[in-house]
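Reading through the structure tokens given below for one structure.
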Amino acid sequence: MADDIKQTSGNGGETHQQAGSDTAVLTTNHGVPVSDNQNSLKSGVRGPTLLEDFVLREKIFHFDHERIPERIVHARGSGAHGVFEATDDISDLSKAAVFAKGEKTEVFARFSTVAGGAGSVDTPRDVRGFAVKFYTREGNWDLVGNNIPVFFIQDAIKFPDLIHSVKMEANSGYPQAGSAHDTFWDFVSLTPESTHMLMWAMSDRTLPRSLRMMEGFGVHTFRLVNAAGRSNFVKFHWRPKLGIQSTIWDEALKLQAADNDYHRRDLYEAIDTGAFPQWELAIQVFDQKFADSQPYDVLDATKLIPEEDLPLRVIGTMTLNRNVDNFFAETEQAAFLPTNIPPGIDFSNDPLLQGRLFSYLDTQKSRLGTTNFHQIPINAPRCPFGNFQRDGMMQTMVPTGRANYEPNSLADHGEAGGPRETVTGFATTKETTGPDETGDKLRIRPESFADHYSQARLFYRSQTESEQAHIASSFVFELSKVGLLDQVPPRMLGNLRNVDEDLAKRVADGLGLPLPKKNKAAKEPVDMPPSNALSIHKKMKATLEGRVVGILIADGTEAGALKSVVDAVIKAKGKAVIVAPKVGGAKLSDGKLQKADGQLAGMPSQLFDAVAIILSEAGCKGLLNEGAAVQFAMDAFGHLKAIGASAAAKPLLEKAGVIPDESVTALDDKFIKAAGKRYYEREPSLRMLA
Ligand code: HDD
């Protein structure tokens, strides 16, 4: 902060002055001590309340105005603080201090769903926002990305249409937080450029197991600029250290019922218990020559650069190590702006990115109510900052002196003249992206953006059989929810025929519709070599680290067996959660009472990555007629999880329809090994897949 500017309320990072936190005395907002916080001031014992009661009026006045407008998109989110450490020397590529090897930069990350309101559930089928604010020594850098590397549209002018179509329908106000409805599919079926993103959206990428197990992407092509002013193009990637993992649809649906806050709780608890989630930041760097030689335009946000063509280079690690102290003050008031960019990074001409450069600054005024939103501690830079912008609503700084304009010669008279140094400032790169960059003013989509299907095909064909089945089934489910607009599913099928004939057929079959004519493509798609990096299954880690094992016990459960499973799970860096018919606990074989972490009826198996069912003969008998116990085993099996069970628990497994396979084990080492994986090969025998 410039010397001549003082902030009255501190500047981020530390705990801030809060009513109630710095005084034992209960006061009004203006510091007047309050004598009674239980009763309003009345005229007589049973008479009306008096207007004079300023304590009551202030309290209710403040309460009445507690809510602020939620984000128009990404309203539901969870955030955490952390640190980014640069681990590779890329000074030849970028002069940004945040990338200097060994540099540690404070960060705040916020993960979000897109369509639902702030109070909606955590696990709908939806894209996830992945926004990171780096408080660098050269100002804030906000990398505002998603967990999918491409986007629905190519030009920001279509964003309001896209979002209107996916949000709850304008007349009825439903559905909340979901794309399975008329208007979304009407819009995307008329917008072939969305087809690639639809492949990702219909895949398990939109059903993350945990925010800690998501990849993240900057999506657009950006630039890195070095000290000599030379620039290269760059794509940013986040890779979770725990490996990428998703749930399956039935599991995600049941998670919505079991725990609305499944992802928020998971992130908070992991950080709270010291299991800090980590991601590697990696880059794909390329020059104009590479860009010109690709069959797609690198300025088109509906395209990715296959990792097989341009490998990722890891340049740093982000560790989230501190939960927010106050959800509203921090997570809700966090304002991310793609225009927050330090020297050494720059934009490209991607027309989607260009529109974002306006939108985010604009929306903060509407959401946070003031142009001074940058003074809110979560948004304030951690480095000194100063300029001649003044006043405005909710101004909390107290600039001293007369210097509120520039140039000035106040210093000649011994007065503070304010900041003026600009030598090291952000300078837009001079380099162009080719001959078409400037020239006539045109409302036009470049010809190089016309191929809407090749990469959609690439994505589909890079998936495992099981992943392809999930994609086909999601299309069937979503299109089956299109109610009134009969023309929409055939139109979508006509687009899908351009992606893959087999996919189109499977979706048509699933809907019970004839296969329509192929829609005319703006540009005929081409086959690209499959990319393993696009598949979740091909790169999932077999590990219990960061995962949760649910252990079902009842009276009579063998104490030794329980202890050895709990110990083994913890040793494998997993979390063991004990579930019993009564939360007070169960009496184990050694006569001791084992307290449970949760009651069976409220802790179904979808909350866990694997389950152990440790029952005595009597305990099992007692649970055979308990629907929640049968469902516990049935869903664990149906959700493709490993099941370890005591021999006496067999009747329960049988009743639940569990068919023994390699992942249904005894309670030994085999179980711990099996528990780190999902068993997708089991699925075709369990449910109808398209
Ligand atoms: Fe956006 C929020 C990500 C295109 C306009 N966007 C928002 C957030 C994320 C993204 C993660 C939530 C940030 C937070 O946690 O507070 N948006 C993206 C990505 C896009 C994208 C990856 C394409 C590659 N967005 C996009 C366009 C526009 C917007 C084209 C407008 C022209 N986005 C907004 C917004 C939001 C927003 C309306 C709502 C709340 C906010 O900005 O602060 O301005």
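Under my numbering, residues 886 to 1575 are what the sequence shown spells out, in order. Using N, Cα and C, we set each Cβ at its ideal position, and we do this for glycine too. All values reported here derive from a predicted model rather than from experimental measurement.
Could you check where the alpha helix (DSSP H) with residue 1251 kicks off and where it finishes?
-> Element bounds for residue 1251: 1236 to 1253.
Can you give the Cα-Cα distance for residue 1355 and residue 1400, rounded to whole angstroms?
-> Our two residues, residue 1355 and residue 1400, have alpha carbons roughly 20 Å apart in a direct line.
Residue 1237 beta carbon near ligand 1 (any heavy atom closer than 7 Å) = Shortest gap from the CB of residue 1237 to any heavy atom of ligand 1: under 7 Å.
Cut-off 6 Å between Cβ atoms - residues of its own chain near residue 1348, not counting five sequence neighbours on either side = Correct list, in chain order: 1420.
Got a sec, what are the start and stop residues for the alpha helix (DSSP H) residue 1383 sits in?
-> Note, residue 1383: alpha helix (DSSP H), 1373 to 1384.
Check residue 1500 in the structure and name its three-state DSSP category.
-> Three-state DSSP puts residue 1500 in coil, outside helix and strand.
State yes or no: is the C-beta of residue 1081 within less than 8 Å of the C-beta of residue 1341?
-> When the beta-carbon positions are compared, residue 1081 and residue 1341 come within less than 8 Å of each other.
Taking the C-alpha atoms as reference points, what is the distance between residue 966 and residue 1293?
-> When rounded, the distance between both Cα atoms is 40 Å.
With 16 as the cutoff for other CB atoms within 10 Å, does residue 946 come out buried or exposed?
-> It counts as exposed.
Reference residue 1393, options 1361, 1439, 1123, 1108, closest by Cα = Check the Cα spacing between residue 1393 and each of 1361, 1439, 1123, 1108: the tightest is with 1361.
Distance, residue 1003 Cα to residue 960 Cα | So the alpha carbons of these two residues sit roughly 5 Å apart.
Go ahead and label residue 1084 buried or exposed: buried means 16 or more other beta carbons lie within 10 angstroms of its beta carbon, across all protein chains shown.
-> A buried status is given to residue 1084, since no fewer than 16 other beta-carbon atoms sit within 10 Å of its beta-carbon.
Which of helix, strand or coil does DSSP assign to residue 1450?
-> Here DSSP, grouped into helix, strand and coil, assigns residue 1450 to helix.
Between residue 1220 and the rest of its own chain, which residues show a CB-CB distance below 6 Å, the 5 nearest in sequence each way excluded?
-> Closer than 6 Å at the Cβ level, and outside the excluded window around residue 1220, lie 1249, 1258, 1264.
Please decide whether residue 1002 counts as near chain B, where near means a Cβ-Cβ distance under 8 Å.
-> Although the question refers to chain B, the structure presented lacks it and comprises just one protein chain.
If you drop the 5 nearest sequence neighbours on each side, which residues of the same chain put their C-beta closer than 6 Å to that of residue 1548?
-> For residue 1548, where only same-chain residues beyond five positions count, the Cβ hits under 6 Å are 1527, 1559, 1564.
Alpha helix (DSSP H) segment containing residue 1174, residue limits | Element bounds for residue 1174: 1173 to 1177.
Reduced DSSP category for residue 1021 - H, G, I as helix; E, B as strand; rest coil = Under the three-state reduction of DSSP, residue 1021 is assigned to strand.
Can you say whether residue 1039 is buried or exposed, counting buried as having 16 or more other CB atoms within 10 angstroms of its CB?
-> The residue is buried, with at least 16 neighbouring Cβ atoms inside 10 Å.
Whole-angstrom C-beta distance between residue 1389 and residue 1575, which should lie under 8 Å = Taking a contact as a CB-CB distance under 8 Å, the pair residue 1575 and residue 1389 does not count as one, their CB atoms being some 11 Å apart.
At what residues does the beta strand (DSSP E) containing residue 967 begin and finish?
-> Taken as a continuous stretch (DSSP letters only), the beta strand (DSSP E) holding residue 967 covers 962 to 971.
For residue 1077, which of helix, strand or coil comes out of DSSP?
-> In the three-state scheme derived from DSSP, where H, G and I count as helix and E and B as strand, residue 1077 is classed as helix.
Tell me whether the beta-carbon of residue 1311 lies closer than 8 Å to the beta-carbon of residue 1232.
-> Cβ distance not < 8 Å, so residue 1311 and residue 1232 don't count as in contact.
With 16 other Cβ atoms within 10 Å as the buried cut-off, status of residue 983 = Buried.
Contact check, residue 1440 vs residue 1480, beta carbons under 8 Å = No; because the gap between Cβ atoms is not below 8 Å, this pair is not in contact.
CB of residue 1287 within 8 Å of CB of residue 1300, strictly = Yes, Cβ-Cβ distance for residue 1287 and residue 1300 is below 8 Å.
Can you grab the Cα-Cα spacing for the pair residue 1540 / residue 1510, in whole Å?
-> Here the alpha carbons of residue 1510 and residue 1540 stand approximately 10 Å from one another.
Counting along the chain, where does the alpha helix (DSSP H) carrying residue 1425 start and finish?
-> Run containing residue 1425: none; DSSP gives neither H nor E here.
In the region 1508 to 1550, which residue ranges form an unbroken alpha helix (DSSP H) of at least 4 residues, counting only runs that do not cross its ends?
-> Correct list: 1512 to 1523, 1535 to 1540.
Under 7 Å from any heavy atom of ligand 1, does the C-beta of residue 1106 make it?
-> Incorrect: residue 1106 has no Cβ contact closer than 7 Å to ligand 1.
From the DSSP output, in three-state form, read off residue 1574 for me.
-> Three-state result, residue 1574: coil.
Under a Cβ-count criterion, where at least 16 other Cβ atoms within 10 Å of its own Cβ denotes burial, should residue 1001 be classed as buried or exposed?
-> When all chains shown are included, residue 1001 counts as buried.
Given residue 1079, which residues of its chain have a CB within under 6 Å of its CB, disregarding the five upstream and five downstream residues?
-> A distance below 6 Å between beta-carbons, with the five flanking residues on each side excluded, links residue 1079 to the following residues of its chain, in chain order: 1037, 1073.
Along the chain, which unbroken stretches of the alpha helix (DSSP H) at least 4 residues long are found entirely within the region 1434 to 1498?
-> Runs of the alpha helix (DSSP H) lying entirely within the region 1434 to 1498, each at least 4 residues long, are 1444 to 1456 in chain order.
Any non-hydrogen atom of ligand 1 within 7 Å of residue 1031 CB = Residue 1031: yes, Cβ under 7 Å from ligand 1.
What's the call for residue 1213, buried or exposed, on a 16-neighbour Cβ count within 10 Å?
-> Exposed.
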